[in-house]
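Enquirer: Each residue of the sequence shown is one higher than the one before, starting from 1 at the first, in UniProt numbering.
Backbone N, C-alpha and C define an ideal beta-carbon position, used for all residues, glycine too.
Bear in mind that the values here come from a model prediction, so they are computed numbers and not experimental data.
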Amino acid sequence: MTPAVVREWDAAVLAEASRRAADRWSRAASTPKRVNAAIRTWAIENARAVAATGRMLVELREAWLEATGGVVAGLRESRRNLGHTEAAQAYRLLHTGMAQAVSDGLIPANPCAVKGASQRDSRHRTERRVLAPAELWALADAMPERYRAAVVVSFLSGRRAGELFALQRKHVDVAAGTIRVEQSLARSGSGSDGPFSATKSRAGLRTVAVPAVALEVLAEHMTRVTPELGNVLVYGTASGRPLTSGSRSTMFARARQAIGRDDLTGTTSATRR
Numbered sequence: 001m002t003p004a005v006v007r008e009w010d011a012a013v014l015a016e017a018s019r020r021a022a023d024r025w026s027r028a029a030s031t032p033k034r035v036n037a038a039i040r041t042w043a044i045e046n047a048r049a050v051a052a053t054g055r056m057l058v059e060l061r062e063a064w065l066e067a068t069g070g071v072v073a074g075l076r077e078s079r080r081n082l083g084h085t086e087a088a089q090a091y092r093l094l095h096t097g098m099a100q101a102v103s104d105g106l107i108p109a110n111p112c113a114v115k116g117a118s119q120r121d122s123r124h125r126t127e128r129r130v131l132a133p134a135e136l137w138a139l140a141d142a143m144p145e146r147y148r149a150a151v152v153v154s155f156l157s158g159r160r161a162g163e164l165f166a167l168q169r170k171h172v173d174v175a176a177g178t179i180r181v182e183q184s185l186a187r188s189g190s191g192s193d194g195p196f197s198a199t200k201s202r203a204g205l206r207t208v209a210v211p212a213v214a215l216e217v218l219a220e221h222m223t224r225v226t227p228e229l230g231n232v233l234v235y236g237t238a239s240g241r242p243l244t245s246g247s248r249s250t251m252f253a254r255a256r257q258a259i260g261r262d263d264l265t266g267t268t269s270a271t272r273r
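#1: Just how far apart, CA to CA, sit residue 99 and residue 106?
#2: CA-CA distance, residue 22 and residue 264?
#3: Based on the DSSP output, what are the partners of residue 206 in its beta bridges?
#4: Return the residue from the list 183, 46, 90 that minimises the CA-CA distance to residue 6.
#5: Here's a check: name, in chain order, each residue in its chain whose Cβ is nearer than 7 angstroms to the Cβ of residue 259, leaving out the five neighbours to either side.
#6: In three-state terms, what does DSSP make of residue 165?
#7: On the three-state DSSP scale, how would you describe residue 49?
#8: My output table needs one value for residue 140: the three-state DSSP class, helix, strand or coil.
#9: Which stretch, first to last residue, makes up the beta strand (DSSP E) that contains residue 198?
#10: Three-state secondary structure (DSSP) at residue 126?
#11: Rounded to whole angstroms, what's the CA-CA distance from residue 115 to residue 20? Just pull it up for me.
#12: Round the Cβ separation of residue 215 and residue 174 to the nearest angstrom and send it over; I've been treating them as touching at under 8 angstroms.
#13: Which of the three DSSP states is assigned to residue 152 in this structure?
#14: Quick check on the burial criterion: 16 or more other C-beta atoms within 10 angstroms. Buried or exposed for residue 157?
#15: If you reduce the DSSP assignment to three classes, tell me which class residue 264 lands in.
#16: According to DSSP, is residue 57 part of a helix, a strand, or is it coil?
#17: Look up residue 10 in the DSSP assignment and say whether it is helix, strand or coil.
#18: Using only alpha-carbon positions, find the residue among 14, 15, 206, 187 that is nearest to residue 246.
#19: With DSSP as the reference, label residue 104 as helix, strand or coil.
#20: By a C-beta neighbour count over all protein chains shown, 10 Å radius and 16 as the cutoff for buried, is residue 251 buried or exposed?
Here it is, written out as structure tokens:
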């Protein structure tokens, strides 16, 4: 194993990782959910009436096609980083193995000397965590319908997952366009006697304004899904219980894979800006 061989291998790995990632993006961009999300975003940006959920009007779809040529926005910027994470992880694994071989006296020196190969993914971590508007709607549409609104409200209002899923109907004032943060979901092993825990400080008790777009989605969700009882959870399970962190993680992992954004981390907190 020589540095030249490692360089050739690294280039091949990056090329293959980029090809596979580009294929994933291409498939994700053409899904009905992704296209509908792009149409909804375009309609909002152009002050056109559009429902927060449901089928897209034929007239609106045709107007979007005429204006954009059917190109789903938000993909081009992300393409420049395609495959970098997978290739960097593969290089780091090889580097670690070669370092161990040096330590064991099996080889005289580590042949992994490709400058920047192990860090090529770190250059774009900040950009990867930011969702384009079309990606936000696609991510929300990829979630189970019961929790679709949670993604939109989390992203646009900046609420943490623990706070968001601890919201009760009594905490939401649709007329004022605000939510009152009074509690968070208790973490396992925290010693809490119930499903909720207090905010970390008195400063955590606050009233937060909800942007108009998120408020529309939230109000529609509460009308359709949330029973009209003050203590009922806004984003509870069908039985009214708090959604566990494990369930949130599983749903979010499936949703981010569905839109071709495997680089996103966490649950709804990953959408916060």
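Expert: Reading off the structure:
#1: Mapped onto the sequence shown, residue 99 falls at position 99. Mapped onto the sequence shown, residue 106 falls at position 106. C-alpha separation (whole angstroms): 10 angstroms.
#2: Here residue 22 corresponds to residue number 22 of the sequence shown, with the count starting at 1. Here residue 264 corresponds to residue number 264 of the sequence shown, with the count starting at 1. Cα to Cα, residue 22 sits roughly 16 angstroms from residue 264.
#3: Start at 1 with the first residue of the sequence shown, and residue 206 comes out as number 206. Paired residue(s): 181.
#4: What you label residue 6 is simply residue 6 of the sequence shown in a count that begins at 1. Out of 183, 46, 90, 90 has the C-alpha closest to the C-alpha of residue 6.
#5: The sequence position of residue 259 within the sequence shown is 259, counting from 1. So the qualifying residues of the chain are 28, 34, 135, 138, 139, 142.
#6: Sequence index remark: in the sequence shown, residue 165 carries index 165 (1-based). It is coil, neither helix nor strand.
#7: If you number the sequence shown from 1, residue 49 lands on position 49. In this structure, residue 49 counts as coil in the three-state DSSP scheme.
#8: On the sequence shown, position 140 is the one that residue 140 refers to. In the structure shown, residue 140 sits in a helix (DSSP, three-state: H, G or I).
#9: If you number the sequence shown from 1, residue 198 lands on position 198. Where residue 198 is concerned, the enclosing beta strand (DSSP E) stretches over 196-198.
#10: Reading the sequence shown from its first residue, position 126 is the one you call residue 126. Low local confidence applies: a pLDDT of 44 at residue 126 is under 50, so the model's placement there is unreliable, with the coordinate-based value given in what follows. In the structure shown, residue 126 sits in a helix (DSSP, three-state: H, G or I).
#11: In the sequence shown, residue 115 corresponds to position 115, counting from 1. In the sequence shown, residue 20 corresponds to position 20, counting from 1. Residue 115 and residue 20: Cα-Cα distance of roughly 24 angstroms.
#12: Numbered from its first residue, the sequence shown carries residue 215 at position 215. Numbered from its first residue, the sequence shown carries residue 174 at position 174. Indeed they touch by this definition, with Cβ atoms about 7 angstroms apart.
#13: The residue you call residue 152 lines up with position 152 of the sequence shown. In the structure shown, residue 152 sits in a helix (DSSP, three-state: H, G or I).
#14: The count along the sequence shown starts at 1 and reaches residue 157 at position 157. It counts as buried.
#15: As a first step, residue 264 must be located in the sequence shown, where it is residue number 264. If DSSP states are grouped into helix, strand and coil, residue 264 belongs with coil.
#16: One-based indexing of the sequence shown puts residue 57 at position 57. Coil at residue 57, not helix or strand.
#17: Taking the first residue of the sequence shown as 1, we reach residue 10 at position 10. It is helical.
#18: For the purposes of this step, residue 246 is identified with residue 246 of the sequence shown, where counting begins at 1. When only C-alpha atoms are compared, the closest one is 187.
#19: If you number the sequence shown from 1, residue 104 lands on position 104. If DSSP states are grouped into helix, strand and coil, residue 104 belongs with coil.
#20: Stepping through the sequence shown from its first residue, residue 251 is reached at position 251. Residue 251 should be labelled buried.
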